[in-house]
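A short write-up of the structure that comes next.
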Amino acid sequence: MGPFDMYAILGHVGGALINVLVGMGFGFALERAGFGNSLNLSAQFYFRNMRVLKVMFTAIITAMLLMFWANALGILDYDKIWVNPTYMWPGIVGGFIFGIGFVVGGYCPGTALVSLATLKIDGILFVAGLCIGMFFFGETIDSFRTFWEHSGFLGRLTLQDWLGLSAGAVAFLVTLMALGMFVAAEKTEAYFAKKDAEAKLG
Amino acid sequence: MKIQHFLTIIAVVAGAGLLVVKQPTVNSKLAKAEPKLEAQIETRKFQIDPGELFEIANGDAMQLRIYDVRNESDYNIFHIVDSERISESQLKDPKWVSNLPEQTIKVFVSNDERAATKAWKLLAAQNVQNIYILGGGINKWISAYGEPSAARRIKAGDDKLKYSFPFALGKAQPGADPDPHRVAPRKFIKKVKPVGPTVRKSGGCG
Amino acid sequence: MNTNSKAERYMNPYVAGVLLGVVLFASFMLFGHGLGASGGIAQFTAALVDKIWPGHADQNAYLAGLVRTGAPPLDTWLIFEVVGIILGGFVSGLLAGRVKLETYKGPHINNRTRWAYALIGGIIAGFAVRISRGCTSGQALSGGASLSAGSWAFMFAVFGGAYAFAYFVRKLWN
Numbered sequence: 001m002g003p004f005d006m007y008a009i010l011g012h013v014g015g016a017l018i019n020v021l022v023g024m025g026f027g028f029a030l031e032r033a034g035f036g037n038s039l040n041l042s043a044q045f046y047f048r049n050m051r052v053l054k055v056m057f058t059a060i061i062t063a064m065l066l067m068f069w070a071n072a073l074g075i076l077d078y079d080k081i082w083v084n085p086t087y088m089w090p091g092i093v094g095g096f097i098f099g100i101g102f103v104v105g106g107y108c109p110g111t112a113l114v115s116l117a118t119l120k121i122d123g124i125l126f127v128a129g130l131c132i133g134m135f136f137f138g139e140t141i142d143s144f145r146t147f148w149e150h151s152g153f154l155g156r157l158t159l160q161d162w163l164g165l166s167a168g169a170v171a172f173l174v175t176l177m178a179l180g181m182f183v184a185a186e187k188t189e190a191y192f193a194k195k196d197a198e199a200k201l202g
Numbered sequence: 203m204k205i206q207h208f209l210t211i212i213a214v215v216a217g218a219g220l221l222v223v224k225q226p227t228v229n230s231k232l233a234k235a236e237p238k239l240e241a242q243i244e245t246r247k248f249q250i251d252p253g254e255l256f257e258i259a260n261g262d263a264m265q266l267r268i269y270d271v272r273n274e275s276d277y278n279i280f281h282i283v284d285s286e287r288i289s290e291s292q293l294k295d296p297k298w299v300s301n302l303p304e305q306t307i308k309v310f311v312s313n314d315e316r317a318a319t320k321a322w323k324l325l326a327a328q329n330v331q332n333i334y335i336l337g338g339g340i341n342k343w344i345s346a347y348g349e350p351s352a353a354r355r356i357k358a359g360d361d362k363l364k365y366s367f368p369f370a371l372g373k374a375q376p377g378a379d380p381d382p383h384r385v386a387p388r389k390f391i392k393k394v395k396p397v398g399p400t401v402r403k404s405g406g407c408g
Numbered sequence: 409m410n411t412n413s414k415a416e417r418y419m420n421p422y423v424a425g426v427l428l429g430v431v432l433f434a435s436f437m438l439f440g441h442g443l444g445a446s447g448g449i450a451q452f453t454a455a456l457v458d459k460i461w462p463g464h465a466d467q468n469a470y471l472a473g474l475v476r477t478g479a480p481p482l483d484t485w486l487i488f489e490v491v492g493i494i495l496g497g498f499v500s501g502l503l504a505g506r507v508k509l510e511t512y513k514g515p516h517i518n519n520r521t522r523w524a525y526a527l528i529g530g531i532i533a534g535f536a537v538r539i540s541r542g543c544t545s546g547q548a549l550s551g552g553a554s555l556s557a558g559s560w561a562f563m564f565a566v567f568g569g570a571y572a573f574a575y576f577v578r579k580l581w582n
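If you read the protein sequences in the order shown, they are chains A, B and C. Heads up: the first sequence is residues 1 to 202, going by our numbering. Heads up: the second sequence is residues 203 to 408, going by our numbering. Heads up: the third sequence is residues 409 to 582, going by our numbering.
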């Protein structure tokens with residue numbers, strides 16, 4: 001029963017090789033989705049092209065449904081997988097600033113790597129910026145370390161713990177929410193496409 | 203039919219299905235694994251001799267944690283030095299279990315073997331590695347390392363303390379912390395295996 | 409630049425999402441954790457700083473933890489994953505004829521402006537991603553699928569920040 005640890009099973013080199021393969025699947029999917037192109041990503045925030053939301057939430061519900069079915073069938077032990085520990089306030093503050101960086105630079109780290117891989121200069125510069133930003137974080141972290149390490153620290157907190165619902169119920173609700181968002185995204189795109197077309201004619 | 207409509211149907215069916223199927227709980231995992239675990243218990247490959255526990259505790263080849271699953275009063279009367287008392291509810295709490303040290307030998311202790319075996323099964327059902335039982339329990343430990351002058355043997359039922367002490371001294375009780383230079387070496391079959399591969403806890407990109 | 413014909417060759421977003429989700433699930437199955445991108449970039453940064461400014465990485469309160477662990481900072485799963493992402497992106501781009509030295513930018517700005525903002529955006533995101541302990545891959549995708557409460561909060565905060573600031577940089581993109 002999973003989760004397995006390829007590094008423990010295949011050794012360091014074998015594990016690293018599988019790791020590169022999984023990374024390749026990730027990079028391949030991102031590039032296929034059009035995420036090596038900052039125009040596809042930034043359009044999300046002007047309601048012109050909601051690819052970011054569609055791809056991201058489809059990926060989340062796909063993996064989530066697979067994971068909980070695998071858990072129910074005894075193929076994967078959900079209690080053994082890494083669930084990002086919750087540092088509530090750093091997550092929210094960092095997420096908000098990250099969003100600003102996203103819309104200013106047009107990428108996020110994973111997509112910027114794919115953009116770099118296909119030789120987009122803006123993607124390469126975004127990655128360079130990431131390195132500088134992380135360096136700067138290290139230089140300044142001591143001034144807000146208490147906030148970073150302690151504010152809203154809740155450990156392994158899942159939505160089902162937090163809501164007091166069963167994991168299955170949460171997975172179902174998340175699926176419904178995502179589907180609702182897709183319908184809204186399609187409607188929004190159609191609305192703005194029509195508006196833009198009218199503006200061109202007008 | 204557009205592909206997204208097809209995918210929507212799959213997602214709704216798979217999501218609704220999760221409302222019906224049961225996600226495993228500790229109890230259901232235990233019930234499912236019980237026959238296999240019982241067979242493993244019967245091989246007696248996981249019940250280690252007091253001598254082996256003592257050797258590991260006094261060596262630096264392996265990391266060791268001793269978990270005492272007896273009630274508080276027995277624990278207060280006598281417990282092996284550096285052992286930690288835990289309750290059954292902890293053994294069923296995924297949070298507590300996921301915080302157990304992985305590359306560490308974990309030995310469960312009760313007066314005889316019954317409660318320790320139950321603890322072992324609970325953790326084995328939750329995929330915890332490197333777990334053992336103190337064979338013969340505290341009673342055998344005392345018979346091996348206790349001082350006859352301090353402990354009086356009494357009659358007691360299964361998994362009850364079979365020694366009576368004048369005072370509840372816990373780990374200060376004679377025999378709880380034997381001196382490795384003074385005790386006579388015991389003969390035993392080594393059962394503890396070196397810590398094997400385990401799933402690493404770290405992850406994410408933080 | 410003919411964006412339309414290019415856009416048509418991108419995969420249906422829902423199909424791409426399923427593909428990405430399967431890869432994400434495979435990562436959980438094979439390694440017990442999700443995907444990551446920014447962590448590898450942090451490791452790379454630590455190795456780079458250590459190389460060009462010897463000794464300083466140890467003074468840097470965050471990077472120090474990455475270079476001091478004993479193993480070389482480039483010998484971690486995060487780096488292997490980043491190598492994979494770049495290779496996978498390259499293969500996909502090659503198959504689609506999208507590997508080409510160029511700059512993606514909005515219609516009303518020149519290349520230099522775009523480059524400057526790409527760098528600035530990267531700096532902001534790089535700083536923020538260490539506050540939040542993970543990016544859209546490590547937090548939003550991985551933590552989202554494993555139903556981490558903090559990751560969901562992060563995800564909505566990202567959209568919140570981006571939508572809130574989008575108005576101020578609309579000239580860059582439209």
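Ideal Cβ positions, reconstructed from N, Cα and C, are used throughout, including at glycine. As the structure is a computational prediction, the values presented were derived from the model and not from experiment.
### Query
Which whole-angstrom value is the C-beta distance of GLY25(A) and VAL423(C), which I expect to be below 8 Å?
In the first sequence, counting from the first residue as 1, residue 25(A) sits at position 25. In the third sequence, counting from the first residue as 1, residue 423(C) sits at position 15. Their Cβ separation, rounded to whole angstroms, is 14 Å, which puts GLY25(A) and VAL423(C) out of contact at 8 Å.
#### Entry: Neighbour-count burial assignment, ILE211(B), 16 or more Cβ in a 10 Å radius
Taking the first residue of the second sequence as position 1, residue 211(B) is located at position 9. Classified as exposed, ILE211(B) has fewer than 16 neighbouring CB atoms from the shown chains inside 10 Å of its CB.
### Task
Output yes if chain B places a C-beta closer than 8 Å to the C-beta of MET1(A); else output no.
Taking the first residue of the first sequence as position 1, residue 1(A) is located at position 1. Answer yes: the Cβ-Cβ gap between MET1(A) and chain B drops below 8 Å somewhere.
### Message
Can you pull the chain A neighbours of ILE460(C), defined as C-beta to C-beta under 7 Å?
### Response
The sequence position of residue 460(C) within the third sequence is 52, counting from 1. Under the 7 Å cutoff, chain A gives no residues; its nearest Cβ is about 11 Å from ILE460(C).
### Query
Any residues in the segment 26-46 of chain A with a beta carbon nearer than 7 Å to a beta carbon of chain B? Which ones, in chain order?
none
### Message
If I measure Cβ to Cβ from ALA370(B) and keep anything under 7 Å in the same chain, skipping five residues before and after, which residues do I get?
### Response
What you label residue 370(B) is simply residue 168 of the second sequence in a count that begins at 1. If we look at ALA370(B) and ignore the five residues flanking it on each side, its Cβ neighbours are ASN278, ILE279.
### Query
Are the C-beta atoms of LYS80(A) and some chain B residue less than 8 Å apart?
As a position in the first sequence, residue 80(A) is number 80, starting the count at 1. Yes, its Cβ sits closer than 8 Å to a Cβ of chain B.
### Where ASP142(A) sits in the DSSP three-state scheme
Here the question's residue 142(A) lines up with position 142 in the first sequence. Of the three classes helix, strand and coil, the one that applies to ASP142(A) here is helix, per DSSP.
### Task
Just the C-alpha distance for SER559(C) and GLY27(A), rounded to the nearest angstrom, thanks.
Here the question's residue 559(C) lines up with position 151 in the third sequence. Here the question's residue 27(A) lines up with position 27 in the first sequence. One C-alpha to the other measures close to 21 Å.
### Query
Rounded C-beta distance between LEU336(B) and PRO252(B)? I'm assuming under 8 Å.
Within the second sequence, the letter at position 134 stands for residue 336(B). Within the second sequence, the letter at position 50 stands for residue 252(B). Indeed they touch by this definition, with Cβ atoms about 7 Å apart.
### Message
Within the continuous alpha helix (DSSP H) that includes SER550(C), where are the two ends?
### Response
Counting from one through the third sequence, the residue named residue 550(C) turns up at place 142. Segment 550-553, the alpha helix (DSSP H) holding SER550(C).
### Query
In three-state DSSP terms, what is GLN44(A)?
Along the first sequence, one-based indexing puts residue 44(A) at 44. In the structure shown, GLN44(A) sits in a helix (DSSP, three-state: H, G or I).
### Message
Here's a check: name, in chain order, each residue in its chain whose Cβ is nearer than 8 Å to the Cβ of ALA167(A), leaving out the five neighbours to either side.
### Response
The residue given as residue 167(A) occupies position 167 in the first sequence. Only PHE68, ASN71, TYR78, THR158, GLN160 meet the Cβ criterion.
### Query
Can you tell me whether DSSP reads ARG316(B) as helix, strand or coil?
The residue given as residue 316(B) occupies position 114 in the second sequence. Here ARG316(B) sits in helix by DSSP.
### Query
By Cβ distance, which residues of its chain are closer than 7 Å to THR319(B), with the 5 residues on each side in sequence left out?
Position 117 of the second sequence, counted from the start, is the residue given in the question as residue 319(B). Counting only Cβ-Cβ distances below 7 Å, and skipping sequence neighbours, we find ILE243, ILE335.
### Task
Grab me the residues of THR118(A)'s own chain with a C-beta within less than 6 Å of its C-beta, minus the 5 sequence neighbours each way, in chain order.
As a working note, residue 118(A) is residue 118 in the first sequence. Same-chain partners within the cutoff: GLY36.
### Task
Give the C-beta separation of GLY133(A) and ILE531(C) to the nearest angstrom, bearing in mind that I take them to be a contact with Cβ-Cβ under 8 Å.
Residue 133(A) sits at position 133 when you count from the first residue of the first sequence. Residue 531(C) sits at position 123 when you count from the first residue of the third sequence. So it is a contact: roughly 4 Å between Cβ atoms.
### Query
Does any CB atom of chain C fall closer than 8 Å to the CB of ASN71(A)?
Within the first sequence, residue 71(A) is the residue found at index 71, counting from 1. So no, ASN71(A) is outside the interface.
### Task
With a floor of 3 residues, list each beta strand (DSSP E) that falls wholly inside the segment 311-356 of chain B, ordered by position along the chain.
333-336
### Query
Taking the DSSP output, what are the residues bridged to LYS308(B)?
Here the question's residue 308(B) lines up with position 106 in the second sequence. The partner list for LYS308(B) (beta bridge, DSSP) reads ARG267(B), ILE333(B).
### Message
Taking a contact to mean a Cβ-Cβ separation below 8 Å, would you say CYS543(C) touches ALA465(C) in this structure?
### Response
The sequence position of residue 543(C) within the third sequence is 135, counting from 1. The sequence position of residue 465(C) within the third sequence is 57, counting from 1. Contact flag unset, no.
#### Entry: Inside the segment 112-160 of chain A only - alpha helix (DSSP H) runs reaching at least 4 residues
121-140, 145-150
### Task
Take ALA415(C) and list the residues in its own chain whose beta-carbon comes closer than 8 Å to its own, dropping the five residues that flank it on each side.
Indexing the third sequence from 1 puts residue 415(C) at position 7. Interpretation of ALA415(C) is limited by its pLDDT of 45, a score under 50 that renders its predicted location unreliable; the figure taken from the coordinates is listed afterwards. Contacts found: none.
### Query
Does the segment 516-533 of chain C come within contact of the segment 145-159 of chain A, defined as at least 3 CB pairs closer than 8 Å?
no
### Query
Would you say MET181(A) faces chain C, with C-beta separation under 8 Å as the test?
Position 181 of the first sequence, counted from the start, is the residue given in the question as residue 181(A). Answer no: the Cβ-Cβ gap between MET181(A) and chain C never drops below 8 Å.
### Task
List the residues of chain A whose Cβ lies closer than 8 Å to the Cβ of THR511(C), in chain order.
Counting from 1 along the third sequence, the entry for residue 511(C) is found at position 103. Per Cβ cutoff of 8 Å: LYS120, ILE121, ASP122.
### Query
Under the rule that 16 or more other beta-carbon atoms within 10 Å means buried, what is MET409(C), buried or exposed?
By 1-based counting over the third sequence, the position of residue 409(C) is 1. For MET409(C), the predicted model reports a pLDDT of 42, less than 50, meaning its position is unreliable and no value from the coordinates is stated.
### Where the segment 204-217 of chain B meets chain C: residues whose CB sits under 8 Å from a CB there
ILE205, GLN206, LEU209
### Message
Assuming the contact rule is C-beta atoms closer than 8 Å, MET50(A) and THR188(A) should be a hit. Round their C-beta distance to whole Å, please.
### Response
On the first sequence, position 50 is the one that residue 50(A) refers to. On the first sequence, position 188 is the one that residue 188(A) refers to. Confirmed, about 6 Å.
### Query
According to a CB-to-CB cut-off of less than 8 Å, which residues of the segment 436-465 of chain C neighbour chain A?
PHE436, MET437, LEU438, PHE439, GLY440, HIS441, GLY442, LEU443, ALA445, SER446, ILE449, ALA450, PHE452, THR453, LEU456, VAL457
### Message
Determine, for LYS389(B), whether the minimum Cβ-Cβ distance to residues of chain D falls below 8 Å.
### Response
Absent here is chain D; the protein component of the structure consists of chains A, B and C.
### Query
Got a sec? Which residues, its chain only, sit under 6 Å from ASP276(B) by beta carbon, not counting five neighbours each side?
Looking up residue 276(B) in the second sequence gives position 74. So the qualifying residues of the chain are LEU363.
### Message
Let me see if you follow: with CB-CB separation under 8 Å, is SER151(A) close to chain B or not?
### Response
Your numbering for residue 151(A) matches position 151 in the first sequence. Judged by the 8 Å Cβ criterion, SER151(A) is not in contact with chain B.
#### Entry: Test: GLN292(B) CB closer than 8 Å to a CB of chain A
Your numbering for residue 292(B) matches position 90 in the second sequence. It does not; no Cβ of chain A falls within 8 Å.
### Cut-off 8 Å between Cβ atoms - residues of its own chain near PRO480(C), not counting five sequence neighbours on either side
For this step, residue 480(C) is matched to residue 72 along the third sequence. Sequence-distant Cβ neighbours of PRO480(C) in its own chain, meaning closer than 8 Å and more than five residues away, are ALA455.
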